[in-house]
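Colleague: Residue numbers (the working numbering), protein chains in the order written: chain A, 33 to 290; chain B, 305 to 677.
One structure, pasted below without further comment.
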Amino acid sequence: MKIVVCIKQVPKSDSVKIDPKTNNMVRDNVEGVINPFDKNAIEEALRIKDQLGGEVILLSMGPDGYMSSLRDGLAMGADRAILLSSRAFGGADTLATGYPISQAIKKIGGVDLVLLGRQSVDADTGQVGPIVAEYLNVPQVTFAEELRFVDEHTLYGQRLLDGATQSVQVTLPAVVMVRSELNTPRYETPVNIQTSFEKPIDVWTEHDLDLDATRIGQAGSPTTVQKVYAPKREGRQTVQLSDDSATAVKELLARIRN
Amino acid sequence: MENQEKMAASMLHRMVREFTENELAPLDMEIDAQGDYPQGLFQKVIDNGLLTMTLPREYGGAGFSYDSVAKAIHLMAIGNASMAVTLEGHFKTLEQLLKYGDQRLKDEYLTSAAHRIFAFSQTESSGGSNPRGIATRAVKSGDDWIITGDKIMITNGGLAQVYCVLAKTEDDQMAVFVVDQDMPGFSFGKREDFIGLRGTPVGEIVMDHIKVPGYHLLGQIGQGLEIGNNAHDDARILMGAVLTGIMEHELQIAVDYSKQRKALDTPLYELQTIQEKISEIAIARQNTELLYQHAAQLKITGQSYAQVAAMAKSYGSRAAVRCGDMALQVLAGYGYSREYPIEHLIRDARAMEIAEGTVERMSGEIALKQVNQ
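Written as C-alpha cells, this is what we have:
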C-alpha cells in the first residue's frame with residue numbers, strides 16, 4: 033500500500049496573536065507545528081501500513097521552515113517526505129495549492145491512498161483535499177471518523193456530519209480527509225526522532241513537476257485574502273424562556289414574530 | 305551535525321513534555337495517594353521508548369547525550385517526579401554497564417534495555433553511605449561467581465528485572481555483578497512505604513547462592529567502590545534535574561495562585577512578602593538547572609563532574625524542600641491542604657536529601673575537595 037499524507041504547517045494554536053492595530057496574525061517567532069488533523073491522517077496511514085505493509089510518504093508545500101513539520105511526521109514513523117518549495121508556489125490559494133500537490137502525487141506514482149486532515153486550523157477551508165481528489169479524478173471521502181478495508185482495493189468509510197453519519201465505500205485509489213475522532217496520534221519516540229534525520233526529505237520546485245505555470249502561486253490563484261481580523265466579541269442579549277415547554281414555544285414564537 | 309543534535313534534542317524535549325502533560329501530570333495526585341503507578345502506566349513509558357533515551361544506537365536505543373536526557377528528566381519531573389526518578393535509576397545503571405561492562409554482557413543485556421528496567425543496588429541494612437560494611441558475598445566457583453546477600457532500598461526494586469549488585473569477594477575486595485531476576489536463587493523482598501516519591505518502587509532483593517557467569521562482573525575485582533561512586537555521580541546529575549522540575553512545579557503553583565488570590569483588593573503577587581518568596585523559588589530553580597546542566601556538560605566532555613553533580617543534588621534537594629515550604633506559605637491554608645500538590649512535592653523533594661548519598665555526605669565530599677585542592 034503506497035500512502036501519501038498531505039500535511040500543512042500551522043502556527044501553534046496557543047502562540048497565535050493578532051496585531052491589534054493591523055488585525056493581522058503575528059507570524060514572527062511563532063512556533064510552527066503539524067496541523068492537528070493532519071497528525072490524525074499520519075496516524076491512520078501508519079496504522080494501515082502496520083496492518084498491510086507498504087510505504088508512507090509525507091507531502092507538503094511551503095517554505096524551508098516546513099521541514100521541521102515534515103521531520104516531526106518522519107519521527108512519528110513515516111518513511112520519507114517531499115516538500116514542494118519555490119517562490120513560484122508562494123501566495124497560492126486552495127486551488128493553486130491543490131493543483132501542484134496533485135501533480136506531485138502523479139509524479140510519485142502508484143499511490144493507492146491520499147490522506148489529509150479534514151481542514152487546517154489556521155485557514156479552516158477544508159478545500160485542498162477535495163481539489164486534489166478532483167484533479168486526480170479519484171473518489172473522495174471527507175470528514176472520515178472510521179476507516180476500514182473491505183478488501184485490498186475497497187475502503188469503507190464512515191463520515192461524521194452535523195447530526196448525522198454517512199457510510200460510503202470507495203474503490204482505490206482514493207482521497208480521504210480524516211476527523212480527529214478517527215484515532216489518537218502516536219507520540220514521536222526517542223528512537224524515531226533520531227532515525228527521522230536519516231530519512232530523506234526531497235525538495236521539489238516547479239521545475240520538477242509537470243505544471244501549467246499559470247495555475248500556480250499567487251498569479252494562479254482566483255481568490256485572494258483581503259483582510260484577516262479577529263471577530264469582535266459583542267455581548268449578546270439572552271432571554272430565559274419559561275420551564276413549561278408549551279409556554280416557552282409561545283414566548284419564542286412571539287419573539288421571532290416581533 | 306551539531307545543529308541536527310540540537311534539533312533532535314528539541315524534538316525529544318517536546319515529546320517528553322507532551323507525554324508528561326497528557327499521561328503523567330493528570331495522574332500525579334493519584335500516584336501519590338495510591339503509592340504506586342496505575343496499571344498500564346509504566347507499560348506506556350516503555351511503549352513510547354522512554355527507556356531508550358541514553359541507550360546507544362547500536363543497542364537499539366536513541367543515544368541522546370546525557371545533558372539532553374537530563375533536561376528530559378527535568379521536564380518529566382514537572383508533571384510527576386516519581387516517574388522521573390524511576391528513569392533516573394534506570395539510566396544511571398545503564399551508564400555503568402556501558403562504561404564497565406564486558407562486550408558479551410553488553411550485547412546480551414543492553415539490547416533488552418528498551419523494555420527491561422535496570423537498577424543499581426548497593427545499600428544494605430548496615431547502612432547506605434557505608435559501602436565497606438556490606439555483607440553480600442561473591443565467591444568464585446570455576447568461571448562463575450556465587451552471590452549471596454540482601455540489598456534494600458533499591459530504586460526500582462521490584463520493578464527492575466536486572467540489578468547491578470555491590471558485593472565483597474572472599475579476600476574482601478569490592479566488586480559489582482549483574483544479576484538477573486530470572487536467575488535461580490533470586491527473589492524480591494518487601495517494598496518500602498516511603499512518605500514521598502510514592503510512585504517510584506523502592507524495594508529489597510534477596511540473593512540466595514545465585515550463580516552468575518564470570519562475564520557478569522563489571523570492570524575488575526576491586527573496582528566496586530569506584531563503580532558505585534560513579535553510579536552515584538551519574539544519578540546526582542539526574543536528581544538535580546528532577547529537583548529542578550519539582551521547583552518549577554512549585555513555582556507554577558505559587559505564581560498561578562498569587563495571580564488569582566487577592567488580599568483585600570490587592571492581588572497577592574503585588575505584595576512584597578509574596579514577591580520575595582516567588583523570586584527565591586525562581587532563583588533556586590534556575591541555580592539548580594545551571595548546576596545539573598554544568599555537571600552534565602562536564603560529563604559529556606570527559607571532565608571531572610563528581611563535585612558539581614554533588615552540588616546539584618545537595619543544593620537542589622535542600623532548595624526544593626525550602627521552596628516547597630515557601631510555595632505552601634503563598635497558598636496558606638490551601639497549601640497546607642492535600643487538595644493542592646505542594647505538600648507532596650515537599651515530601652518528594654525530601655527523599656533527595658537522602659537518596660544517592662545524604663546531603664551531609666555531600667557536604668563532606670564538597671568541603672574536603674575544596675580543602676584538598
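Just so it is clear, CB atoms sit at the ideal spot from N, CA and C, and this is done for glycine as well.
Source: prediction; values computed, not measured.
Quick one: is valine 271(A) buried, meaning 16 or more other Cβ sit within 10 Å of its Cβ, or exposed?
Modeller: Looking at its Cβ environment, which holds fewer than 16 other Cβ atoms inside 10 Å, valine 271(A) is exposed.
Colleague: Quick check: is any heavy atom of the ligand GDP less than 6 Å from the C-beta of leucine 402(B)?
Modeller: In the structure shown, the ligand GDP is absent, as is every other ligand, since no ligand is present at all.
Colleague: Could one say the Cβ of phenylalanine 229(A) lies closer than 7 Å to chain B's Cβ atoms, at least one of them?
Modeller: Yes, phenylalanine 229(A) lies at the interface with chain B (some Cβ there is under 7 Å from its Cβ).
Colleague: Closest to methionine 666(B) by CA distance: which of Gln597(B), Ala600(B), His536(B) is it?
Modeller: Here the closest residue by C-alpha is His536(B).
Colleague: Runs of 4 residues minimum, wholly inside the segment 73-139 of chain A: which ones carry the alpha helix (DSSP H) assignment?
Modeller: Correct list: 99-108.
Colleague: CA-CA distance, valine 510(B) and tyrosine 467(B)?
Modeller: Those two C-alpha atoms are separated by around 11 Å.
Colleague: Does any residue of chain B bring its CB to less than 7 Å from the CB of isoleucine 225(A)?
Modeller: With 7 Å as the cut-off, isoleucine 225(A) counts as an interface residue toward chain B.
Colleague: Which first and last residues belong to the alpha helix (DSSP H) in which alanine 417(B) is found?
Modeller: Note, alanine 417(B): premise wrong, no alpha helix (DSSP H); not H, not E.
Colleague: Check each candidate in Glu75(A), Arg112(A), Ala73(A), Tyr219(A) and name the one with the smallest Cα separation from isoleucine 89(A).
Modeller: Nearest of Glu75(A), Arg112(A), Ala73(A), Tyr219(A) to isoleucine 89(A), Cα basis: Arg112(A).
Colleague: Of the residues that make up the segment 107-119 of chain A, which ones have a beta carbon closer than 8 Å to any beta carbon in chain B?
Modeller: Within the segment 107-119 of chain A, the qualifying residues are Ala107.
Colleague: Mind pulling the chain B residues with CB within less than 7 Å of tyrosine 219(A)?
Modeller: What tyrosine 219(A) touches in chain B: Met319, Glu322, Phe323, Asn352.
Colleague: Measuring CB to CB, does methionine 543(B) end up less than 7 Å from lysine 617(B)?
Modeller: Yes. Within cutoff.
Colleague: Quick check on the DSSP output: what are the complete beta strand (DSSP E) runs of length 3 or more inside the segment 456-535 of chain B, in order along the chain?
Modeller: Fully enclosed beta strand (DSSP E) runs of 3 or longer: 466-473, 478-484, 490-495, 506-516.
Colleague: Mind checking which residues open and close the beta strand (DSSP E) that includes lysine 444(B)?
Modeller: Per DSSP, lysine 444(B) belongs to the beta strand (DSSP E) from 441-445.
Colleague: Counting contacts by CB-CB distance shorter than 7 Å, is proline 222(A) in contact with chain B?
Modeller: Interface residue, yes.
Colleague: At 8 Å on the CB atoms, spell out the chain A contacts of leucine 316(B), in chain order.
Modeller: Here the neighbours are Pro222, Ile225.
Colleague: Counting C-beta neighbours from all protein chains within 10 Å, is the total for proline 330(B) 16 or more, i.e. buried, or is it exposed?
Modeller: Exposed.
Colleague: Can you tell me whether proline 205(A) is buried or exposed? The criterion is at least 16 other CB atoms within 10 Å of its CB, across all chains shown.
Modeller: Its Cβ being crowded by 16 or more others within 10 Å, proline 205(A) is buried.
Colleague: Taking the alpha carbon of threonine 440(B) as the reference point, which residue from Arg495(B), Ala374(B), Gly405(B), Gly528(B) has its own alpha carbon closest?
Modeller: Here the closest residue by C-alpha is Gly528(B).
Colleague: Sort Ile421(B), Glu657(B), Ala464(B) by Cα distance to serine 491(B) and report the nearest one.
Modeller: The shortest C-alpha separation from serine 491(B) is found at Ala464(B).
Colleague: What's the gap between the Cα of leucine 241(A) and the Cα of glycine 94(A)?
Modeller: Taking the straight line joining both Cα atoms gives about 15 Å.
Colleague: Taking serine 386(B) and isoleucine 335(B) to be in contact with their CB atoms under 8 Å, please state how far apart those CB atoms are, rounded to whole angstroms.
Modeller: At roughly 6 Å, the Cβ-Cβ gap stays under 8 Å, so serine 386(B) and isoleucine 335(B) are in contact.
Colleague: List the endpoints of the continuous alpha helix (DSSP H) containing methionine 333(B).
Modeller: Per DSSP, methionine 333(B) belongs to the alpha helix (DSSP H) from 332-338.
Colleague: Report the start-end ranges of each alpha helix (DSSP H) in the segment 156-237 of chain A that is 4 residues or longer and not cut off at the edges.
Modeller: You should have 160-168, 222-228.
Colleague: Mind checking if alanine 329(B) is an interface residue toward chain E, Cβ cutoff 7 Å exclusive?
Modeller: Although the question refers to chain E, the structure presented lacks it and instead comprises the protein chains A and B.
Colleague: Of the choices Ser92(A), Gly85(A), Gln258(A), Thr197(A), whose alpha-carbon is the least far from that of isoleucine 18(A)?
Modeller: The structure shown does not extend to residue 18(A), since chain A spans only 33 to 290, so no value can be given for it.
Colleague: Closest by CA to methionine 551(B), which one among Gly461(B), Leu409(B), Tyr619(B)?
Modeller: With distances taken between Cα atoms, methionine 551(B) lies closest to Tyr619(B).
Colleague: Any chance you could list the alpha helix (DSSP H) runs of at least 4 consecutive residues sitting entirely within the segment 548-583 of chain B, in chain order?
Modeller: Whole alpha helix (DSSP H) segments, 4+ residues: zero.
Colleague: So with Cβ pairs under 7 Å, would you call glutamine 308(B) a contact of chain A?
Modeller: Interface residue, yes.
Colleague: Look at the alpha carbon of valine 546(B) and the alpha carbon of threonine 473(B), and state the distance between them as a whole number of angstroms.
Modeller: Rounded to whole angstroms, valine 546(B) to threonine 473(B) spans 35 Å at the Cα level.
Colleague: Does glycine 273(B) come out as helix, strand or coil in the three-state DSSP assignment?
Modeller: The question about residue 273(B) has no answer here: the residues shown for chain B are numbered 305 through 677.
Colleague: Going by Cα to Cα distance, which pick from Leu672(B), Glu392(B), Gln347(B) is closest to glutamine 611(B)?
Modeller: It is Leu672(B).
Colleague: Do alanine 366(B) and methionine 380(B) come within 7 Å of each other at the CB atom, strictly closer than that value?
Modeller: Result no, Cβ atoms of methionine 380(B) and alanine 366(B) do not sit closer than 7 Å.
Colleague: Looking at the C-beta of methionine 380(B), does it have a partner C-beta in chain A at a distance below 7 Å?
Modeller: Chain A, which has no Cβ nearer than 7 Å to the Cβ of methionine 380(B), makes this no.
Colleague: Alpha carbon to alpha carbon, how far is alanine 176(A) from arginine 268(A)? Give it in angstroms, no decimals.
Modeller: When rounded, the distance between both Cα atoms is 35 Å.
Colleague: Pick from Lys71(A), Asp51(A), Lys53(A): whose alpha carbon is nearest that of valine 42(A)?
Modeller: Taking only the C-alpha atoms, the option nearest valine 42(A) is Lys71(A).
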